[in-house]
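As they're listed, the protein sequences go chains A and B.
Residue numbering for the first sequence is 1 to 616, as defined by full-length UniProt numbering.
Residue numbering for the second sequence is 1 to 592, as defined by full-length UniProt numbering.
Take a look at the structure below.
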Amino acid sequence: MFDVAMVEWINAEIDRYGDDLPAIRQFILSGGGVTSANLQYARAICRRAERSVVPLMREENIDPMALKFLNRMVTSKLFDPSNRYDRQVRLWGEEGQASIGSTSACVLGSDSLATETLKSLVLAGVQSFYIVDDARVEQADIGQNFFLHMDDIGRSRAEATLEKLTELNPSVLGSSSCQSSTALTQEDVEKLATFSVVVAVNQTEEVDAKFAQVLYDISVPFVCIKSCGLIGTIRICIKEHTIANSHEENPRPDLRLDAPFKKLTEMIAETDLNDMTIEQLRHTPYILLHFKALEEFRKQRNDENAFPTTTSDRKEIQNILLSFRRSKEDSGTKDSENFDEARAAVMRAFQKTTIGASVKSILTSSQCSTSTQPFWLICEALRRFVDANNGLLPLRGTLPDMTSDSSRYTRLATMFHEKALADAQEVLRFTREVEKERGVGDVISEEVCYRFCKNADRIRVQNGDLLDYSRETKEIVDKLREITVDEQTRAEKVDSATWILLMRAAGRFKKEKGRFPGTNGVPVSIDAQDLRKRVEALIKESVKENEDIEPILHNVTDSAIAEMCRFGAAELHVISSYVGGIASQEIIKLATNQYVPIDNTFVFDGHTQESATFKL
Amino acid sequence: MPCWTEDHKKIQTTKVLVVGAGGIGCELLKNLAATGFKHVHVIDLDTIDVSNLNRQFLFRKEHVSSSKAEIATRVIKKFNPDINLTFDHSSIFEERFNIAFYRNFDIVLNALDNKQARNHVNRMCHSARTPLVESGSAGFFGQVQVILKGKTECYECQEKPKQKTFPGCTIRNTPSEHIHCTVWAKHVFSQLFGEVDIDDDVSPDLKAEEAERPEADSQDDEAVKEPAPIGTRQWAESVNFDAEQIFNKLFVQDIHYLLKINHLWKTRKPPTPLSFSDALKMGDALPFSESQKNQTAVWSIATCVKMFEACIQELRKEASANPEEPLSFDKDHPIIMSFVAACANVRAHIFNILTKTAFEIKAMAGNIIPAIASTNAIVAGMIVTEAVKIIEGREDEVKNSVIMPQPTSRGQVFMFEHTNKPNPRCYVCSDKKEVFLYVNLAEMTLSGLCEKVLKQELNMLAPDAIESNTNSIVLSSDGETDPLMSKKLAELSIMDGSILACDDFMQDFDVKVFICKNSNFKGDQFEIVREMKKTVEKEDDEEKKSEEENKKEDEDRRKRKVEEESDKVDDEPEIKRNRVEEVQAQGIEVME
């Protein structure tokens, strides 16, 4: 007999071994050695036993604890089969969840902002995280970091935070180190670069720069987050980020009005509006009406390739559509929903099927012709597809909703779906070709290829430069130079560029004085003067020798400087909640290659709750 | 420069009511505690589910099926022993949460997941004059609205898009989309194991067809006889819940009945009956446990049949374990969900509709909207920011805000809208509390008026109604009028032009309902509008027109959203006030 204690015992054992495991930083390959092969075999046997117990339980009187015991043997910490992630998988799909599940994050720092960022990552189910911080928990942490209590004072902050965070999700592995981030050697940095993402929270510019260099070269994303009082900033540094699914809202429908595929052409040819009963006419899906209107448009112009390109052309199409309507004998009205829809959709639908600039630049990039990265392999296949198909991308294959009788709508929907599948098949064939040429195995699955093709018109690549604070300060100063606002606006609202410059000046203040402005009980007015000096220095370093810095400095108001000193480098929990939330969201976008992350700088101003993003 | 002074004394003495301890609620309680709030009360009716754990960070696996309010309180206090945090594991609609209760608080923060409760708290705060911060999230979207009596719009000032419903005959007779099959499958579940609702009948609806059947066709349809009006449950019991017999009744007999209504299939492709034994031959049947795990693959029809069979036996066992309490649909109950998925797919197959994965069906059946921790954390930050402004008396600075999934073309992640003035025609917060109710007076019953109009549509809890001309009591919440419930409105001397003064004592809410006649509505069908319709047509014409409309409605099920006319598709979206509600309108209800 199995009793509850046995299940508890095995749970405890799983936890015990799990705790001893170091952070997993790459995929686990079964069979990497005799031990691991044996373990994998044992797991398979347990799984088989579990499977045979399930039907037995239905038919025989079997101790239900047996199943629980077997289940826990196979589903240890690394396999959480529950529907814990159900609500988020609906956002980024199983493939997105798998990417998150194989993401390991190294976080430098363990303050409130770091904890808030990590909290959302741990809940989302990253594979592992590693906290590096030499700070000890102080009184000030208790007020700001929700997870720390009075008992934690004096402990390693990384350790204390780790303990609380790992409780949030048993399938995530966490570990920590009490090293000081400023004392990390080049070798340490290189070791940490094996994580799939590194996050620097409120680190000095020197630490940021050191990591940026190493990570940029190996294309590992690096995210710098900073907060001070009511201000928060995020800087995402990555050489190249590919986006397979941008989840763009409300994309233009892919109807191919200018380039119908064969089956669609056949259906258009057999459609004769004049031959229909009025009921049939009023239940004709608008895409067919569009094609018929286009036929008429071409007839009128005596040009069988004519296509509306201007707004007035499209108005003409709308008029043609109106002329197709017929009135009923009894009611006299010509109105019907399908024609209303057809007219409303003209502006969006009558667009040439072209390849957008960003997709074009992807297909012509050198990466496409050489890289062995999965994204680029499939892009090269896509390029070959486009070449072989008159410059057209694979069909998206989804038909917008339209008023119609069921049979014609179903026929159209099926036709679009099947054509999209066929296009994807062709891309897959090209992919296999490319894979062979570049000497990689079949890395792209059919499913991945199909999904990719569905979003092919919205793939994106973001390219970034190496993080270089002095270059960026120059750009910030350029932004300040361009600000033209009246005095009142200047007094009421501080520009996001000003905040970045002030954050940088405060960093320099700290570096030179060993403390942040507004701390140690020094009067704000004195620190404000010192901070202003640093602002001036930063501006001077960024302008040409003879340029008058006054007009630029004018945009850094006294009240903004005073506000920066008033913060005294304090963290506000609510600001951590905002900025940490956004940072973790961006890290998830980076990990899943879905949605478009911030490119590359984000500033949040808690005074007005306004946010700005721009590229530095 | 506006300045956040964080007046600590005020924050420490402010009494806060948090309604909801779910996704936003957990984050909000954390933010309140860490910001220094000391007096907080939280109310939540719900218990913890596994699917909550990806974001409701105060809860652990071992807390599953415990009270959210209780665990949240316990965990927050563990981290912040100083906070005076109390809870109620109860429904916000309970009588003890009356206006006096709301007056105990300086501010109310909503972290709710449904419109009904939001409407209710909105009214209670309006009556109690308590400031309210309202919130919602859906995936990467989030929004916060500040509601101050007399100064800003209330939650009900603008009409919210209604949740999509489908005509009964579409569900029962002529499904054309998978969602119709899914809704039907949910009804099959409740007919067999749940609380029986006459609105959820699953057999062919012949009555509905009679009305629209052209007379010339009646001969063709003579052979049609309605299936015996015996309850599905009763019948299932009579065959001892034999899966094969139930399957054949639903997918052979009933389909044959439908096929006999010839005119239904003149423009539609007719369904094909499918017997249990034939269905089993369609594809490989995965064993129960395998297919259970395989939520993202489309099950073969044979697998669906196996699933159908296994689930019926399981659910029957579960139902008979506690015969007093019928099962209720729960999207996170694996067996119930598998049953619905299997059943929906078989029906879809029969009606030539593409079948879907269990994962997709779950989203439709459960009105699931995606939810993640990070958005909720941001929204909770937004709520506290607005709350602090209100507490510090900076009411002119409050904002309604939205968080976007990605930056707009102007680089903003947050979008704002200064709060609007209250709508002078709002039936909740204005002086002109009026709505127009279009009904068929000869068919709508008093019970329909009470349950469907006043309670469901106007969100009253225990309505009273007086006919203003005669001063007669039409509806009384103390039960006096209960014997009249089945009477038609016309029988109670309610006529076109009657004005009903309706009142809810608990919400301290009253509204005048102007009765307008629409003889084309059937049964309890009705329409509520905020302004009287302008078109006054001759009655004959009107009738003809709506007859046509009804017909069209039935046939144009395809129509959902019309693409907006726009030349400039790349323009950034203007701030959309009811962003999240829009998502809601597309058939997804819950947010948190």
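Just so you know, even glycine gets a beta-carbon here, dropped at the ideal spot from N, CA and C.
DSSP beta-bridge partners of D504(B): For D504(B), the beta-bridge partners assigned by DSSP are P463(B) and F509(B).
Minimum Cβ-Cβ distance from D272(A) to chain B less than 8 Å: Taking Cβ atoms only, chain B never reaches closer than 8 Å to D272(A), which makes this a no.
Residues of its chain near H417(A), where Cβ-Cβ distance is below 7 Å and the 5 sequence neighbours each way are ignored: Contacts found: G397.
Secondary structure of I528(B), DSSP reduced to three states: Correct three-state label for I528(B): strand.
Closest Cα partner of V133(B) within the set V398(B), F93(B), S374(B) and F241(B): The shortest C-alpha separation from V133(B) is found at V398(B).
Which residues DSSP lists as bridging F604(A), in chain order: F604(A) pairs with G232(A) and S611(A).
Residues of its chain near P326(B), where Cβ-Cβ distance is below 6 Å and the 5 sequence neighbours each way are ignored: Closer than 6 Å at Cβ, skipping near neighbours: G194 and E195.
Beta bridge counterpart(s) of F291(A) as assigned by DSSP: Answer by DSSP bridge pairing: none, since F291(A) is not bridged.
Segment contact flag, the stretch 30-49 of chain B with the stretch 64-79 of chain B, C-beta cutoff 8 Å, min 3 pairs: Touching, yes, given that three or more Cβ pairs across the two stretches are closer than 8 Å.
Beta-carbon proximity list for R383(A), same chain, < 7 Å, skipping 5 on both sides: Cβ neighbours of R383(A) beyond the five flanking positions: L363 and C368.
Beta carbon proximity, residue 602(B) to chain A, threshold 8 Å: The shown model of chain B, from 1 to 592, leaves out residue 602(B), and the question about it has no answer.
Inside the stretch 61-120 of chain B only - beta strand (DSSP E) runs reaching at least 3 residues: Restricting attention to beta strand (DSSP E) runs no shorter than 3 residues, the stretch 61-120 of chain B encloses them at 84-88 and 107-110, ordered along the chain.
Any C-beta of chain A under 8 Å from that of E244(B): So no, E244(B) is outside the interface.
Cβ-based neighbour list, M532(B), same chain, cut-off 6 Å, excluding 5 preceding and 5 following: Hits under 6 Å: F436.
Residue range of the unbroken alpha helix (DSSP H) whose run includes Y257(B): Residues D254 to K260.
Counterpart residues of G580(A) in DSSP-defined beta bridges: Residue pairing by DSSP leaves G580(A) without any beta bridge partner.
N- and C-terminal bounds of the beta strand (DSSP E) containing N248(B): It is not in any beta strand (DSSP E) - N248(B) instead sits in the alpha helix (DSSP H) that spans A243 to N248.
Cβ pair S275(B), V252(B) closer than 8 Å: Taking 8 Å as the cut-off, the beta carbon of S275(B) is found closer than this to the beta carbon of V252(B).
Boundaries of the alpha helix (DSSP H) in which C26(B) is found, first to last residue: Note, C26(B): alpha helix (DSSP H), G23 to T35.
I43(B) - partner residues in DSSP beta bridges: Note: I43(B) sits in a beta bridge opposite V19(B) and D88(B).
Sub-8 Å separation of F291(A) and L257(A) beta-carbons: In this structure, F291(A) lies near L257(A), with their beta-carbon atoms less than 8 Å apart.
Range covered by the beta strand (DSSP E) that runs through K399(B): Residues K399 to I403.
Validate contact between the stretch 424-444 of chain B and the stretch 518-525 of chain B using beta carbons, cut 8 Å, 3 pairs: Yes, the stretch 424-444 of chain B is in contact with the stretch 518-525 of chain B.
6 Å Cβ shell around P131(B) - same chain, five flanking residues per side excluded: For P131(B), same chain residues with a beta-carbon under 6 Å away, outside a window of 5 residues either side, are I107, L148 and I390 in chain order.
Distance, P161(B) Cα to I494(B) Cα: The alpha-carbon atoms of I494(B) and P161(B) are separated by roughly 29 Å.
Near-chain D residues of the stretch 129-159 of chain B - C-beta to any C-beta below 9 Å: In the structure shown, chain D does not exist; the protein chains are A and B.
Among F430(A), P517(A) and Y286(A), the one whose alpha carbon lies nearest that of L322(A): Checking every option, the nearest Cα to that of L322(A) belongs to Y286(A).
Beta-carbon neighbours of S51(B), restricted to chain A and to distances below 9 Å: For a Cβ distance threshold of 9 Å, residue set S82, N83, R84, Y85, D86 and R87 of chain A lies close to S51(B), ordered along the chain.
Own chain residues within Cβ distance below 6 Å of H241(A), not counting five before or after: Excluding five sequence positions before and after H241(A), the CB atoms of its chain that fall closer than 6 Å to its own CB belong to Q462, given in chain order.
CB contact check: G381(B) to chain A, cutoff 8 Å: True, the Cβ-Cβ gap to chain A drops below 8 Å.
Alpha carbon of I218(A) to alpha carbon of F329(B), nearest angstrom: Going by the C-alpha atoms only, they are around 51 Å apart.
Among V427(A), A569(A), N455(A) and R460(A), nearest to residue 655(A) - alpha-carbon criterion: Nothing in the structure corresponds to residue 655(A), since chain A is present only between 1 and 616.
Contact with chain B by L91(A), beta-carbon distance below 8 Å: Yes, its Cβ sits closer than 8 Å to a Cβ of chain B.
Closest residue to L148(A) among N169(A), I10(A), R566(A) and E116(A) (Cα-Cα distance): Closest by alpha carbon: E116(A).
9 Å Cβ cut-off: residues of chain A touching D332(B): Result: N83 and D86.
CB contact check: H290(A) to chain B, cutoff 8 Å: Chain B, which has no Cβ nearer than 8 Å to the Cβ of H290(A), makes this no.
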